[in-house]
Structures are given as C-alpha cells and as structure tokens.
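Have a look at the structure below, then the notes.
Numbering (the working numbering), first residue to last: 16 to 113.
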C-alpha cells in the first residue's frame, strides 16, 4: 500500500511528472495580429515576473494566417502552470494552448 501525502500541496505535486521549479516552454496559437501578441504577453506578464531575454519566440504559419507564440519561463508549481493555461484558454484571441 502506498503512503498518502500528509498535506494537499504534496498531493498536488505528485499529480505531475514535472519537478518544480523548472524551465517550461508554453505555446499559444491564434490568428496573426497585434491583438494576439498583446493579449498573450499581458497574460504571461501577469504570472511571470521576468521571462528573460529571448524567452518569447514568434512563428507564422506558411500562409501567414496564424501565429504561434512560444514563451519559455520558470514554472514554479503545477498550480502556477494551471493558472497561466486557464487565463490563456479564456482569451478570445488564443485558439490553442499547448
């Protein structure tokens, strides 16, 4: 029989394969435009103090209709990642987030 965690934080940490803190690349995709870039960067800046130089990369689809924004940052916990994903998926300009 496995030992149960003594507190909820330990239980939550056991639900993920990641060891926190860790460098985490997050990708948000949407229709190309200033609105997407502004919205994604505002959300990231709300949750990440300083993503660092070169942490944000943009890539347009072959026809230029869609853009993916990849942000690499230090994820502090599963809860930290969940909050960022929740905000990004609620954003009207973000079509996908992985």
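Ideal Cβ placement from N, Cα and C applies to all residues, glycine included.
Open item on the list: Taking the alpha carbon of residue 88 as the reference point, which residue from 72, 66, 111 and 105 has its own alpha carbon closest?
Closed with: Start at 1 with the first residue of the chain shown, and residue 88 comes out as number 73. Closest option to residue 88, Cα to Cα, is 66.
Open item on the list: For a cutoff of 8 Å on Cβ pairs, would you count residue 59 as touching chain C?
Closed with: As a matter of chain content, chain C is missing from the structure shown, which is built from one protein chain.
Open item on the list: Going by DSSP, what residue range makes up the beta strand (DSSP E) through residue 41?
Closed with: Stepping through the chain shown from its first residue, residue 41 is reached at position 26. It spans 37-46 - the beta strand (DSSP E) in which residue 41 sits, taken as one unbroken run.
- [ ] Could you check the C-alpha separation between residue 36 and residue 64 for me, to the nearest Å?
- [x] What you label residue 36 is simply residue 21 of the chain shown in a count that begins at 1. What you label residue 64 is simply residue 49 of the chain shown in a count that begins at 1. Roughly 14 Å separates the two Cα atoms.
Task: Cβ shell of residue 54 (< 6 Å), same chain only, five flanking positions each side left out - done: By one-based count along the chain shown, residue 54 stands at place 39. Excluding residues within five positions, the ones whose Cβ falls inside 6 Å are 106 and 108.
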